[in-house]
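Chains as they are written, first to last, in this note's numbering: chain A, 1 to 460; chain B, 461 to 715.
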Amino acid sequence: MTTTIAGGRAARRQTMRRIRPRRSPAVPLLIAVWAGAAGVLWLWWANTPSIADDDSRILNAGRITGLLAGYLMALVVLQMARVPALERRVGSDRVARWHAMSGRYTLCLVVAHVFLIMWGYALQAGKSLGDIVQQTVDSIDQLPDMGKAAIGTGLLVLIGLVSAGGVRRRMPYDTWYHVHLLTYAAVFLTFWHQITTGNDFAVEPAAKTAWYALYGTVTALVLWYRILTPIRLNLRHRMRVEAVIEETPGIVSVLIGGRRLHRMGAEAGQFFRWRFLAPGMRFSSHPYSLSAAPRPDLLRITVKAIGDHSAALRELSPGTRVWAEGPYGALTASRRSRGKVLLVAGGVGITPMRALFETLPGAAGDITLLYRANSTQDLALWDELAKIADERGARLMYAVNSPDGERPDISAESLQRKIPDIDHHDVFMCGPAGFAQTVYDALRGAGVPARRIHHESFEM
Amino acid sequence: MRKSHPIRRVVLTTAATVSGIVLLLSLKPGSDPASAAAGAAPGAPGAAQESAQGGAGAAAASTVTGDAAQTQYGVVQVRLTVAGGKITKAEAVQAPKGGRSDSVTADAVPKLNQEAVAAQGADIDAVSGATYTSAGYRQSLQSAIDKAKAAPAPSAPASQSGGGAARTVTGAVAQTQYGPVQVRVTVSGGRITAAQAVQAPKGGESDQKTALAVPRLNREAVAAGSADIDSVSGATYTSEGYKKSLQSALDRAGG
Chain A
1 MTTTIAGGRA ARRQTMRRIR PRRSPAVPLL IAVWAGAAGV LWLWWANTPS
51 IADDDSRILN AGRITGLLAG YLMALVVLQM ARVPALERRV GSDRVARWHA
101 MSGRYTLCLV VAHVFLIMWG YALQAGKSLG DIVQQTVDSI DQLPDMGKAA
151 IGTGLLVLIG LVSAGGVRRR MPYDTWYHVH LLTYAAVFLT FWHQITTGND
201 FAVEPAAKTA WYALYGTVTA LVLWYRILTP IRLNLRHRMR VEAVIEETPG
251 IVSVLIGGRR LHRMGAEAGQ FFRWRFLAPG MRFSSHPYSL SAAPRPDLLR
301 ITVKAIGDHS AALRELSPGT RVWAEGPYGA LTASRRSRGK VLLVAGGVGI
351 TPMRALFETL PGAAGDITLL YRANSTQDLA LWDELAKIAD ERGARLMYAV
401 NSPDGERPDI SAESLQRKIP DIDHHDVFMC GPAGFAQTVY DALRGAGVPA
451 RRIHHESFEM
Chain B
461 MRKSHPIRRV VLTTAATVSG IVLLLSLKPG SDPASAAAGA APGAPGAAQE
511 SAQGGAGAAA ASTVTGDAAQ TQYGVVQVRL TVAGGKITKA EAVQAPKGGR
561 SDSVTADAVP KLNQEAVAAQ GADIDAVSGA TYTSAGYRQS LQSAIDKAKA
611 APAPSAPASQ SGGGAARTVT GAVAQTQYGP VQVRVTVSGG RITAAQAVQA
661 PKGGESDQKT ALAVPRLNRE AVAAGSADID SVSGATYTSE GYKKSLQSAL
711 DRAGG
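Okay, structure coming up:
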């Protein structure tokens, strides 16, 4: 894609023809999710002839929350199944935020369900709210599959506690991740009581079939995309560390060799989840963006040493086996809707921008890169950026703190002054959340519509 | 990239969920509309028009069994004896069992039976403390009444069709915890001469249990001549399913 770029109207027309922005399937997916929720509520409605008193009101509130929780539980797992349509078209970051949100909501529904059902049972048995604990013990003892469900619910609550912001920040990522994997066990354990004690599934065989189909599909997708697809990818490409290069103090590039790497279908702007099979690193995988367009024999990632893991990358020896999953991420050329593009990078956020800067189709003057860092020494990859800018006739700008530590002025006015036709650009942005927010506000102020600001953020 | 307001989002989501559930609950009618009986449980023993056992007399009383109604605590199924267009007797052939349900059933079912005969319809009051059983009872009662109206009592009881003429009838499949159970009976001269399970739980521990329980249940069915047989201990679920399917086979055989 990079080789044919030249000035002139013909080339430009050629380029424009290739720009067909792909719509994110987020809206149809959300509509499908809502339709499914409506179907679940309809199931309850159709199977509930009447509600006579407060006991049954409480019990039925418990049934509704239970049905919704069971439905959402499947979707929460589905969101993390690494389905390409979600990861590459909706965007991994957005899906991860959906997952966190719907996970919290589902857990609240589960807790409400347990409480309401047990309260309702207690009232029906002529007891009061105070006997709810005894009622719960009795129900676990007497009803089928309730023991499993109780263990599963306990696990879900544990996972919820561990994922709460305050706890998670104090916990090593690996520990959190492995606790989080228990979700699969929890979902499995809580599934069976839905089928055996759930009134709606006992009464409606079609509903039972649909429920099995929902959970079966999710299981199949998880097995396929989280297990089989990565195994196939890694058997095919057999990646190893080629070299580790220090770019600037604290920022290293890792070169990764392998077989026919261009066949992995990775695009500039995407990332892989990397697992380096070196002591102390093999049990966790981390997402790092490609910092150059993939070559048939070589990939490159560029990483800032902030966590334990990224610091350990510096010590990797050439030849270390690499296990990768991907490519993921939707911050690619296919998002673009216009001829002109502004790339904005903050710090190590340069990595996907560097790959896009090299490969985005465009005539001379179409592509601009704005690179924000603390100081000129922190401008990692600057030399190669300058070279690309030179070859492509692209514009390259940087913004660093002044020697006395003052932050550069990034505002609607300053952006408009630098790039007078900024409102005719697509903007791709990658950087820390605070920086991204500042730039976003400045861009909106300068007249760039929100739909043309493409941003990836892994902050929850 | 929208600014996120976590607190606002939590409050909005909670409010929307709670008001949605309250709305759904309040839209449901407070008492069971008559049409609710139409939504009776599928998988229940099939249509049950049957002649009274030995009902050769002039009164031509017939029994009708309603569809099984699922409740929170178990299945309720009502059988009516109808004579001259009137309900002369109502009984529950199935009612919730086990734990606290035993006492609730013992208390509520006789009352409901009386009410049904007195009211001559399904418009009966719920027994307090047994809301679910009452609702299930009404549902099954309504379906029995509908069936009685749809097919008036047969002029001649079917079981009285001469001496031999053995017939085999297969009951509906009864789903259990461990797998489906289906019973086939051979009926001759109004009596069960043989019973066998054409389907029973299989696999793992179930194989053993089935081998143990099914022959015993077969013998019991022949001895009792009805579905009123004891469960085999250690195979409660299979026994329940067996009884259910047996009842449906007997219903189909016409007594």
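We put the beta carbon where it would ideally sit given N, CA and C, even for glycine.
If you measure beta-carbon to beta-carbon, which residues of the stretch 48-63 of chain A are closer than 8 Å to chain B? Hits within the stretch, in order: T48, P49, S50, I51, A52, D53, D55, S56, R57, L59, N60, A61.
Sorted by chain position, which residues of the same chain lie with C-beta nearer than 6 Å to B:V569's C-beta, five sequence neighbours on each side aside? Walking along the second sequence from the start, residue 569 of chain B turns up at place 109. The answer, listed in chain order, is A552, A555.
B:P505 CB to nearest chain A CB: under 8 Å? Mapped onto the second sequence, residue 505 of chain B falls at position 45. Its pLDDT being 37, under 50, B:P505 is placed unreliably in this model, and the value from its coordinates should be taken loosely. It does not: the Cβ of B:P505 has no partner Cβ on chain A nearer than 8 Å.
Check whether the Cβ atoms of A:E267 and A:P361 lie closer than 8 Å to each other. Residue 267 of chain A sits at position 267 when you count from the first residue of the first sequence. Residue 361 of chain A sits at position 361 when you count from the first residue of the first sequence. Going by C-beta atoms, A:E267 is not nearer than 8 Å to A:P361.
Proximity test, Cβ basis, 8 Å: A:Q124 and chain B: Position 124 of the first sequence, counted from the start, is the residue given in the question as residue 124 of chain A. Closer than 8 Å to some Cβ of chain B, the Cβ of A:Q124 qualifies, so yes.
Member of A:T351, A:F115, A:R226, A:V133 whose CA lies at the smallest distance from the CA of A:L181: Counting from one through the first sequence, the residue named residue 181 of chain A turns up at place 181. The shortest Cα separation from A:L181 among A:T351, A:F115, A:R226, A:V133 belongs to A:R226.
Give me the Cβ distance between B:T448 and B:T653, rounded to the nearest whole Å; I'm assuming they're in contact under 8 Å. Residue 448 of chain B lies beyond the range of chain B shown here (461 to 715); nothing can be said about it.
Measuring straight from C-alpha to C-alpha, what distance separates A:A150 and A:V167? Stepping through the first sequence from its first residue, residue 150 of chain A is reached at position 150. Stepping through the first sequence from its first residue, residue 167 of chain A is reached at position 167. In a straight line, the C-alpha of A:A150 is about 24 Å away from that of A:V167.
Starting from A:R259 and walking both ways along the alpha helix (DSSP H), at which residues does that stretch end? Start at 1 with the first residue of the first sequence, and residue 259 of chain A comes out as number 259. Looking at the DSSP string, A:R259 is not in any alpha helix (DSSP H), and its letter there is neither H nor E.
Which residues in chain A sit within 9 Å of B:P489, going by Cβ to Cβ distance? Taking the first residue of the second sequence as position 1, residue 489 of chain B is located at position 29. What B:P489 touches in chain A: P49, S50, I51.
Grab the span of the beta strand (DSSP E) containing B:V728 for me, first residue to last. Residue numbering for chain B in the displayed model covers 461 to 715; residue 728 of chain B lies beyond these limits and cannot be assessed.
Answer yes if the stretch 308-326 of chain A comes into contact with the stretch 397-414 of chain A, meaning at least three C-beta pairs across the two stretches below 8 Å, and no otherwise. no
Closer than 7 Å by beta-carbon distance: list the chain B residues that pair up with A:Y105, in chain order. Translated into the one-based positions of the first sequence, residue 105 of chain A becomes position 105. Chain B residues near A:Y105: T473.
What did DSSP end up calling A:S457 once you bin it into helix, strand or coil? What you label residue 457 of chain A is simply residue 457 of the first sequence in a count that begins at 1. Note: A:S457 maps to coil in three-state DSSP.
Check the Cβ-Cβ distances between A:L41 and every residue of chain B, and say whether any is below 8 Å. Within the first sequence, residue 41 of chain A is the residue found at index 41, counting from 1. It does: the Cβ of A:L41 has a partner Cβ on chain B nearer than 8 Å.
Go through its chain and collect everything with a Cβ distance to B:A616's Cβ below 7 Å, but skip five positions before and after it. In the second sequence, residue 616 of chain B corresponds to position 156, counting from 1. Because the pLDDT of B:A616 is 39, which lies under 50, any placement of that residue in the model is unreliable, and the question is left without a value.
Please state whether the Cβ-Cβ distance between B:S600 and B:V536 is less than 8 Å. In the second sequence, counting from the first residue as 1, residue 600 of chain B sits at position 140. In the second sequence, counting from the first residue as 1, residue 536 of chain B sits at position 76. Contact: yes.
Can you find a CB in chain B that lies within less than 8 Å of the CB of A:T196? As a working note, residue 196 of chain A is residue 196 in the first sequence. Chain B contact via Cβ: present.
Pick helix, strand or coil for A:D93, following the three-state DSSP scheme. Taking the first sequence and counting its residues from 1, the one referred to as residue 93 of chain A is at position 93. Reduced to three states, the DSSP call for A:D93 is helix.
For the stretch 421-449 of chain A, list every residue whose C-beta sits within 8 Å of some C-beta in chain B, in sequence order. Hits within the stretch, in order: A436, Q437, Y440.
Need the endpoints of the alpha helix (DSSP H) that B:D688 sits in, please. Here residue 688 of chain B refers to the residue found at position 228 when the second sequence is read from its first residue. Counting along the chain, B:D688 falls outside any alpha helix (DSSP H), and DSSP gives it neither H nor E.
Within the chosen definition, does the stretch 562-577 of chain B reach the stretch 637-648 of chain B through at least 3 CB pairs nearer than 8 Å? no
In chain A, what lies closer than 7 Å to B:I605 by C-beta? On the second sequence, residue 605 of chain B is found 145 positions in, with the first residue counted as 1. Ordered by position in chain A, no residue passes the 7 Å Cβ test against B:I605, which lies about 16 Å from the chain.
Going by alpha carbons, who is nearest to B:A687 out of B:Y533, B:I467, B:A713? Counting from 1 along the second sequence, the entry for residue 687 of chain B is found at position 227. Here the closest residue by C-alpha is B:A713.
Extent of the continuous alpha helix (DSSP H) run through B:S486: Along the second sequence, one-based indexing puts residue 486 of chain B at 26. First-last of the alpha helix (DSSP H) with B:S486: 466-487.
Give the straight-line distance between the Cα atoms of A:V111 and A:K387, rounded to the nearest whole angstrom. For the purposes of this step, residue 111 of chain A is identified with residue 111 of the first sequence, where counting begins at 1. For the purposes of this step, residue 387 of chain A is identified with residue 387 of the first sequence, where counting begins at 1. Roughly 58 Å separates the two Cα atoms.
Residue ranges of each beta strand (DSSP E) run of no fewer than 3 residues wholly in the stretch 290-330 of chain A, ordered along the chain? 298-304, 321-328
Under 8 Å, CB to CB, which of the residues in the stretch 197-225 of chain A have a partner in chain B? Taking 8 Å as the Cβ-Cβ cut-off against chain B, the residues of the stretch 197-225 of chain A that qualify are N199, A202, V203, E204, P205.
Residues of chain B with CB under 7 Å from A:P144, in chain order? Position 144 of the first sequence, counting from 1, holds the residue named residue 144 of chain A. By Cβ distance, chain B contributes Q637.
May I ask which residues mark the beginning and end of the alpha helix (DSSP H) holding A:G154? Start at 1 with the first residue of the first sequence, and residue 154 of chain A comes out as number 154. Unbroken alpha helix (DSSP H) run through A:G154: 146-163.
In or out: A:A446 buried (at least 16 other Cβ within 10 Å) or exposed? Translated into the one-based positions of the first sequence, residue 446 of chain A becomes position 446. Buried, because 16 or more other Cβ atoms sit within 10 Å of the Cβ of A:A446.
Assigned secondary structure, B:T646 (DSSP; H/G/I helix, E/B strand, else coil): Indexing the second sequence from 1 puts residue 646 of chain B at position 186. Here B:T646 sits in strand by DSSP.
Could you name the residues that DSSP lists as bridge partners for A:G346? Reading the first sequence from its first residue, position 346 is the one you call residue 346 of chain A. DSSP, once it has assigned bridges, lists A:R372 as partnering A:G346.
Have a look at A:D366, A:C430, A:S402 and flag the residue whose alpha-carbon is nearest the alpha-carbon of A:P420. Stepping through the first sequence from its first residue, residue 420 of chain A is reached at position 420. The residue with the shortest Cα to Cα distance from A:P420 is A:D366.
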